[in-house]
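Structure first, commentary second.
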Amino acid sequence: MAATIDDLTPQRLGRLRSLLLDWYDEFGDDFPWRSGGDPYAALVAAVCSQQTQISRVLVLYERWIAAFPTLPDAAAATRARVLRVWGRGGYPRRAVALHESARICIERHDGAVPRDEQALLALPGVGPFTAAIVRCYGFGDDAVAIDTNIVRLIGRIVFGDLQPARETPPRAIERAAHRLLRPGTAARWNPALMEYGGRVCTPRPHCVGCVVAGLCAAAPRFRAGERAEPVRAQPAFEGSDRQRRGRLLDTLRDPANARGMPIATLVAELAPEPAEAKLVRALLAALCDDGLAWSDGGRCGLGERDRR
Ligand code: SF4
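Residues 50 to 357, numbered by our numbering, are exactly what the sequence shown covers, in order.
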């Protein structure tokens, strides 16, 4: 079995690529942004995917594209409209970043999503994963995307780890990911790895029936009964500041508050106990810092203040 990427012979490498690409061709999801050639669609999809389960990504993506079919549509929208369209999609700073990115593309990149990796990385909310997705789906470039599913899959197949996020240095995964990619296949290869890691090589992997079990360095360990330790439990949402921020945004998103509302009313609605008023005010200030809300002259509202 391979212990490093260099131990993988060309024959095994070729077999591994073929098996995973064949699996993807048969079982992979046919999401609209994967058909290629639309960098804006790829950017929207990649931002929607951040920290979000794939089952929810399509809904969010379709809502955004229906409201803002083109990059200029997104750039011309108000911040409040963008946040209303994003709705309860979670992590609304992503909507602000996407909106800002659209404006920057219009102003500094001749009205288009840039192809250059460094220009993409300079856009708000765009990290290496999002930049790679835009490049491979949008432009057909050989860009390597690395998400948690891909880290887990590569760490197991190549390095024989049970829980690669804990056991394998990121640079080793990155190097292996570049070596594994066959030039010209990134737009199929990246989603193949993502989906295989998300559906077969899951935290508790389905090794029985796995198409690459014969090439996987971790398979014998799982067969012997070893278990992957969970990376971390998701913090409780109920009662968290994230939940309170969500409620606050819901209140500001209410059409009755489209032109803003008195901060005192907001505090009275969300902080029935006087002791909670300070917390609500602090959360509102944090939302303003993040560009999700405004407050001015004792009033507050969603997005940026409309001064017309
Ligand atoms: S054999 Fe098991 S650990 Fe290896 S790739 Fe397949 S599912 Fe993952």
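We put the beta carbon where it would ideally sit given N, CA and C, even for glycine. Bear in mind that the values here come from a model prediction, so they are computed numbers and not experimental data.
Less than 7 Å between the CB of R205 and some heavy atom of the ligand SF4, yes or no?
yes
R434, DSSP secondary structure in three states
Nothing about residue 434 can be read from this structure; the chain reaches only from 50 to 357.
So the alpha helix (DSSP H) F76 belongs to, where does it begin and stop?
P59 to F76
Reduced DSSP category for A94 - H, G, I as helix; E, B as strand; rest coil:
helix
Whole-angstrom distance between P269 and V257, CA atom to CA atom:
11 Å
Can you check which of these residues, I114, V280, Q292 and G86, is closest to A144 by C-alpha distance?
Distance from the Cα of A144 is smallest, within the candidate group I114, V280, Q292 and G86, for I114.
How about the region 189 to 205 and the region 116 to 129: do they share at least three Cβ pairs that are nearer than 8 Å?
no
Over the uninterrupted alpha helix (DSSP H) stretch that includes F271, give me the two end residues.
A268 to R272
Is V249 near the ligand SF4, going by C-beta to nearest heavy atom under 7 Å?
yes
Would you mind working out which of A214, A313, G187 and F208 sits nearest I195, comparing C-alpha positions?
A214
Contact check, A236 vs R66, beta carbons under 8 Å:
no
Please classify T179 as buried or exposed, where buried requires at least 16 other C-beta atoms within 10 Å of its C-beta.
buried
Residues in the same chain with beta-carbon distance under 7 Å from Q212, minus the five sequence neighbours each way, listed in chain order, please.
A277, E278 and V280
Contact check, R15 vs E353, beta carbons under 8 Å
Residue 15 is absent from the structure shown; the chain starts at 50 and stops at 357.
Quick test of your reading: P173 and A146, contact by CB under 8 Å. State the CB separation rounded to the nearest angstrom.
4 Å
Extract the residue ranges of the alpha helix (DSSP H) inside the region 107 to 163, only unbroken runs of 4 or more that lie entirely within it.
120 to 125, 128 to 135 and 142 to 157
Between the alpha carbons of L336 and L229, how many angstroms are there, rounded?
Those two C-alpha atoms are separated by around 42 Å.
Three or more C-beta pairs below 8 Å linking the region 147 to 164 and the region 76 to 94
Yes: the two stretches touch, three or more of their Cβ pairs being nearer than 8 Å.
Indicate the three-state DSSP secondary structure (helix, strand or coil) for P321 in the structure shown.
coil
Alpha-carbon spacing of R272 relative to A225, whole angstroms
24 Å
With a CB to CB cut of under 8 Å and the five nearest residues on each side skipped, what residues in its chain are close to A262?
C256 and A268
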